[in-house]
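Student: Taking my numbering, I'd label the letters of the sequence shown as residues 1125 to 1683. Where a beta carbon is used, it is the ideal one built from N, C-alpha and C, also for glycine. Because the structure is a prediction, the values reported are computed rather than measured.
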Amino acid sequence: MKNSATVVAKFLISFQHDAPASGFVQPANVPDASCVCLYEFVMFPVRQIPLIAILLCGFVAIILSTERVTAQTPPATKAARVLANLQEQHRAAYVRMAEALERIAQICEERNLNVIAMQVRRIAQPVDPDMLRFEPLPRSIQPPISPDLSDEEREWRTQLRDYRREYAKQLDLLAQQAVKSKFPSYAFQLVREAVLHDSDHERARRLLGYVRYKDEWVSPFERQRLDKKEVWTTQFGWLPAAHVERYQSGERFYLGKWMSAQAEANQRQDFSKAWEIRTEHYRLKTNHSLERGVELATALEEFHRFFQQTFAAFFDTPQQLQKLFASTTVAQRPLKEPFQIHFFSSRDEYISKLKARYQGQILALSNGVYDTDDRIVYSFENPGNPAETTMYHEATHQLLAAHLKPSPMIANRANFWLIEGFACYIESFQRQQGRLTLGDPRCIRFATARERLLKDGYYMPLQDFTRLGKDAYQAHPRLQNNYSQAAGIVHFLMHYDKGRYRDDLIEHLRLIYQQAEQGNSVPTLADLTGTDFKILDQQYTEFSKALSQALQEQFAQQL
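1. By alpha-carbon positions, which one of Gly1492, Thr1520 and His1521 ends up nearest to Asn1509?
2. Hey, Val1206 and Phe1345: beta-carbon distance below 9 Å or not?
3. Can you tell me whether DSSP reads Tyr1291 as helix, strand or coil?
4. Tell me whether Pro1268 is buried or exposed, calling it buried when 16 or more other Cβ atoms sit within 10 Å of its Cβ.
5. In terms of residues, what are the limits of the beta strand (DSSP E) holding Asp1351?
6. Which of helix, strand or coil does DSSP assign to Phe1139?
7. Out of Arg1499, Arg1537 and Thr1665, state which residue places its alpha-carbon closest to the alpha-carbon of Glu1575.
8. With a cut-off of 8 Å on the beta carbons, I'd call Leu1586 and Phe1657 a contact; round off their distance for me.
9. Going by beta carbon distance, what residues of the same chain come within less than 7 Å of Ala1398, once the five residues before and after it are set aside?
10. Output the boundary residues of the beta strand (DSSP E) element that contains Gly1492.
11. According to DSSP, is Lys1622 part of a helix, a strand, or is it coil?
12. To the nearest whole angstrom, what separates the beta carbons of Thr1648 and Thr1590, a pair I think is in contact under 8 Å?
13. Can you tell me whether Trp1382 is buried or exposed? The criterion is at least 16 other CB atoms within 10 Å of its CB, across all chains shown.
14. From Glu1415 to Phe1360, what does the alpha carbon distance come to, in whole angstroms?
15. Which of helix, strand or coil does DSSP assign to Arg1336?
16. Closer than 7 Å by C-beta to Arg1327: which residues in its own chain qualify, once you throw out the five before and the five after it? Chain order, please.
17. On a Cα-Cα basis, can you pick out the residue from Thr1358, Pro1364 and Gly1581 that is closest to Lys1352?
18. Hey, out of His1405, Ala1450 and Gln1443, whose CA is closest to Phe1431's CA?
19. The alpha helix (DSSP H) that contains Ser1476, what's its start and end?
20. Alpha carbon to alpha carbon, what distance is there between Asp1495 and Glu1317?
21. Taking just the CA atoms, how far does His1466 sit from Leu1633?
22. Is it the case that the region 1284 to 1294 contacts the region 1221 to 1229, given that we only count it when at least three CB pairs across the two stretches are under 8 Å?
23. Could you spell out the range, first to last residue, of the beta strand (DSSP E) harbouring Lys1579?
24. CB Ala1480 to CB Glu1518, shorter than 9 Å?
25. In whole angstroms, what is the alpha-carbon distance linking Asp1588 and Trp1341?
26. Could you check whether Leu1523 and His1367 sit closer than 9 Å to each other, using their CB atoms as the reference points?
27. Rounded to a whole number of angstroms, what is the C-alpha to C-alpha distance between Gln1396 and Lys1477?
28. Rounded to whole angstroms, what's the CA-CA distance from Thr1194 to Asp1628? Just pull it up for me.
29. Among the residues of its own chain, which have a CB less than 6 Å from the CB of Gln1433, if the five just before and after it don't count?
30. Report, in whole angstroms, the separation of the C-beta atoms of Arg1537 and Gly1593, which I expect to be a contact under 8 Å.
31. Tell me whether the beta-carbon of Lys1622 lies closer than 9 Å to the beta-carbon of Ala1208.
32. Between which residues of its own chain and Tyr1625 is the CB-CB distance below 7 Å, once the five residues before and five after are set aside?
33. By Cβ distance, which residues of its chain are closer than 7 Å to Gln1678, with the 5 residues on each side in sequence left out?
34. Check each candidate in Lys1529, Val1614, Ala1525 and Glu1279 and name the one with the smallest Cα separation from Arg1569.
35. Reducing DSSP to helix, strand and coil, say where Thr1082 ends up.
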C-alpha cells in the first residue's frame, strides 16, 4: 500500500460514524424553520405583521437566542467593532428600504391589491443573519415597466424598483468598505443581496461571475456553450440543440449513432464506458444513469459557486480581493482542468475500484473518498444515505487542496481538527427549490456536537484540541467525539455574534493549507481572533446552550 494513500485513508474519507453523515434533526414542537427565533413569524400571513416585527425578527431576535453568550463576552476587538459598524449601517439601510416598501404595500392594500401587498412585504423580509443563505438569482434581464399599465400602477411599480435599486447601491458601497476592512465573506453576502434587489447591477453581477448574453445573465462557460448552439437540459446536461427532442423521446446518441436509451445504458454499465457529464467546474463520470449524473453535477456546480463566494478569502489574499472589487472584468479563477468525480452505481464497485489503495475496513465504513494522489472524488449510490452530502464533504477537500501538489501533508503538526471539522460543517449545505443554505443548527453534525458537550460532558479545551496534528488526532481514543466537537466548533466560529469570527476562521484555514505548500508557521486561533482560548471555550459552551434551548432539544431541559 502506498504511504500517500494511507494518508488519504486516514483523513479524507467520509465515514459513517455513530450518527449519519447527513440529515437534519427536526425537534418536536418547533416550526420547520432554519432558526426558531428568526422565522416563526413566517408561519403567519405577512400582511398581518407590523413592519417593526419584521425588523426585530430579522436583526434583533437573534440576540434573544444568544443573550447568555453576549452577556459574558469580553470587550470587542477593533476588527469586531469595525464589523459591527458595517452591520449597523447595513441594518439602517435596510430599515429605510423596508419602510419605503411598507408604504407601497399600504397603497396596494388601499386599492384592494392584497396579493401584491403581500409580495411587496415579502421582498422586504430581512436576510437571515444567523445562517448563510443564497436565494435564487433572476436569470433574465429586468424588462421595462409596461406603458400599458394605469398611471397609478406605473407610479408605484416605478417607485418599488427605484427604492430597491437605491438599496442595492448602498449595499454595493458597504461591500466595498467590507472588503477593504478585510471582511470578504460579509462583502460577498452584501453583493448577493444587492443582486436580489437589482438583478441587473453590473458590478455585483461581475463579482459573482456573470456576463450578459442577449437578455440573460450567464457564466462565461455557459456563453461559450450557447455560442456553439448547445442548450442545458436538467435531465441530460449540455446537448446540441438539435438533439434535445430526440433525447426527450427516448433516443440517445452514442459512438456516432442513434440508439435507444436502454441500449446505451447497457453499454454504459462498464465504468470504462460510463457517462461523462461536463459542467463549468466538474467532469462527473458515472455508470449509474445519465439523469442521476446530471443531477449530481448540477448540485456540485451550485455548491462550487456558493463555496467560492462564501469562502473567497481562502482563495485570494485581501489585496487580491480588493483588486477584484476595483476591476472591471468578470470575476473568474483560472481552471486548467475540471474537478474529477467518479460515481459508481453500487458500494461493491466502489470497493472493488479502491481496495488496492485502502484498507478494506476503512472502505466498508466510508461513503466516499478524495484521493490526494489522483485528485479524484470517489463515491457511490447508496439508497440509505443521500450521495450529495458525501459529495459536498469530499468536494470540499478537493477544492481546498486544488492548488497543492499530490499527497500533501496538511495539518501534520497541529490544527488537524479544522481539516475535518470544516468538511463536516459543509455537510449542512442544502439545496431546496433553488435556495442554497449552509449552517442550519439542526444539522445532525451540530446536534450531535451539542449533545456530546451538554449531555455527555465531553469537551477537549481548544488550546489542547488545536495542538493535535493528523496522527495524534486520528489515533485519539475518542475520535468520534472529536469529529463531533470539530464540526460544532466550526459552526460556532462561522455563526457566533453575526459572523464575528468567520473571516478569522477562513484565514486560519488558508494559512494551514499554505503551510502544507510552503512550510511556514501558522498563528493560533486565539491570535487570529484576538480572543483567549479560555474565552473561546466559554463562548462555545454558551452558544451551544442557547441553540439547544432555542431548538427545544430534550437534553436542553436539564441545563
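Tutor: Looking at the coordinates:
1. As a working mapping, residue 1509 is identified with position 385 in the sequence shown. The option with the nearest alpha carbon to Asn1509 is Gly1492.
2. Against the sequence shown, residue 1206 aligns to sequence position 82. Against the sequence shown, residue 1345 aligns to sequence position 221. Not a contact, by the Cβ cut-off of 9 Å.
3. Numbered from its first residue, the sequence shown carries residue 1291 at position 167. When DSSP states are grouped into helix, strand and coil, Tyr1291 belongs to the helix group.
4. Along the sequence shown, read from residue 1 onward, the residue named residue 1268 stands at position 144. The residue is exposed, with fewer than 16 neighbouring Cβ atoms inside 10 Å.
5. Position 227 of the sequence shown, counted from the start, is the residue given in the question as residue 1351. Segment Pro1344 to Asp1351 is the alpha helix (DSSP H) holding Asp1351; no beta strand (DSSP E) there.
6. Along the sequence shown, one-based indexing puts residue 1139 at 15. Below a pLDDT of 50, predicted positions are generally treated as unreliable, and Phe1139, at 46, falls in that range; no measurement from the model is reported.
7. Position 451 of the sequence shown, counting from 1, holds the residue named residue 1575. Taking only the C-alpha atoms, the option nearest Glu1575 is Thr1665.
8. If you number the sequence shown from 1, residue 1586 lands on position 462. If you number the sequence shown from 1, residue 1657 lands on position 533. The Cβ separation is near 5 Å, so the contact holds.
9. As a first step, residue 1398 must be located in the sequence shown, where it is residue number 274. Here Ala1398 has Arg1392, Lys1409, Thr1410 and Asn1411 as same chain residues with Cβ atoms under 7 Å from its own Cβ, once five neighbours each way along the sequence are excluded.
10. Residue mapping note: residue 1492 aligns to position 368 of the sequence shown, counting from 1. For Gly1492, the uninterrupted beta strand (DSSP E) run begins and ends at Ser1490 to Asp1495, by DSSP.
11. Position 498 of the sequence shown, counting from 1, holds the residue named residue 1622. Helix at Lys1622.
12. Here residue 1648 refers to the residue found at position 524 when the sequence shown is read from its first residue. Here residue 1590 refers to the residue found at position 466 when the sequence shown is read from its first residue. Taking the Cβ atoms as the reference, Thr1648 lies roughly 7 Å from Thr1590, within the contact range of under 8 Å.
13. Looking up residue 1382 in the sequence shown gives position 258. Counting Cβ neighbours within 10 Å, Trp1382 comes out exposed, since fewer than 16 surround it.
14. If you number the sequence shown from 1, residue 1415 lands on position 291. If you number the sequence shown from 1, residue 1360 lands on position 236. Spanning the alpha carbons of Glu1415 and Phe1360 requires a straight line of approximately 6 Å.
15. Counting from one through the sequence shown, the residue named residue 1336 turns up at place 212. In this structure, DSSP gives Arg1336 an extended state, which the three-state scheme calls strand.
16. Indexing the sequence shown from 1 puts residue 1327 at position 203. Taken in chain order, the residues that qualify are Asp1296.
17. Within the sequence shown, numbered from 1, the residue matching residue 1352 stands at position 228. Looking at the Cα atoms, Pro1364 is the closest of the given residues.
18. Position 307 of the sequence shown holds residue 1431. Checking every option, the nearest Cα to that of Phe1431 belongs to His1405.
19. Taking the sequence shown and counting its residues from 1, the one referred to as residue 1476 is at position 352. Taken as a continuous stretch (DSSP letters only), the alpha helix (DSSP H) holding Ser1476 covers Arg1471 to Leu1478.
20. Mapped onto the sequence shown, residue 1317 falls at position 193. Mapped onto the sequence shown, residue 1495 falls at position 371. If I take the Cα positions, the gap works out to 36 Å.
21. On the sequence shown, position 509 is the one that residue 1633 refers to. On the sequence shown, position 342 is the one that residue 1466 refers to. The straight-line gap separating the alpha-carbon atoms of Leu1633 and His1466 is approximately 27 Å.
22. Short answer: they touch.
23. Taking the first residue of the sequence shown as 1, we reach residue 1579 at position 455. Looking at the DSSP string, Lys1579 is not in any beta strand (DSSP E), and its letter there is neither H nor E.
24. As a first step, residue 1480 must be located in the sequence shown, where it is residue number 356. As a first step, residue 1518 must be located in the sequence shown, where it is residue number 394. No, the pair does not count as a contact, with Cβ atoms beyond the cut-off.
25. Position 464 of the sequence shown holds residue 1588. Position 217 of the sequence shown holds residue 1341. Going from the Cα of Asp1588 to the Cα of Trp1341 covers about 49 Å.
26. What you label residue 1367 is simply residue 243 of the sequence shown in a count that begins at 1. What you label residue 1523 is simply residue 399 of the sequence shown in a count that begins at 1. No, these two residues do not count as a Cβ contact at 9 Å.
27. For the purposes of this step, residue 1396 is taken as residue 272 along the sequence shown, with counting starting at 1. For the purposes of this step, residue 1477 is taken as residue 353 along the sequence shown, with counting starting at 1. The sequence given here has Ser at residue 1396, not Gln. Cα-Cα distance, rounded: 12 Å.
28. Residue mapping note: residue 1194 aligns to position 70 of the sequence shown, counting from 1. Residue mapping note: residue 1628 aligns to position 504 of the sequence shown, counting from 1. For Thr1194, the predicted model reports a pLDDT of 46, less than 50, meaning its position is unreliable; a value from the coordinates is still stated below. Straight-line measurement puts the Cα of Asp1628 at about 19 Å from the Cα of Thr1194.
29. As a first step, residue 1433 is located in the sequence shown; it is residue number 309 there, counting from the start. Beyond the five residues adjoining it in sequence on each side, Gln1433 comes within less than 6 Å, by CB distance, of Phe1312 in the same chain, given in chain order.
30. To locate residue 1537, count along the sequence shown from 1; it is residue 413. To locate residue 1593, count along the sequence shown from 1; it is residue 469. In this structure, Arg1537 and Gly1593 form a Cβ contact; the two beta carbons are roughly 5 Å apart against a cut-off of 8 Å.
31. Sequence index remark: in the sequence shown, residue 1622 carries index 498 (1-based). Sequence index remark: in the sequence shown, residue 1208 carries index 84 (1-based). Closer than 9 Å, so yes.
32. Residue mapping note: residue 1625 aligns to position 501 of the sequence shown, counting from 1. Closer than 7 Å at Cβ, skipping near neighbours: Leu1617 and Thr1653.
33. Along the sequence shown, read from residue 1 onward, the residue named residue 1678 stands at position 554. Correct list: empty, nothing qualifies.
34. The count along the sequence shown starts at 1 and reaches residue 1569 at position 445. Out of Lys1529, Val1614, Ala1525 and Glu1279, Val1614 has the C-alpha closest to the C-alpha of Arg1569.
35. The question about residue 1082 has no answer, for the chain in this structure spans 1125 to 1683.
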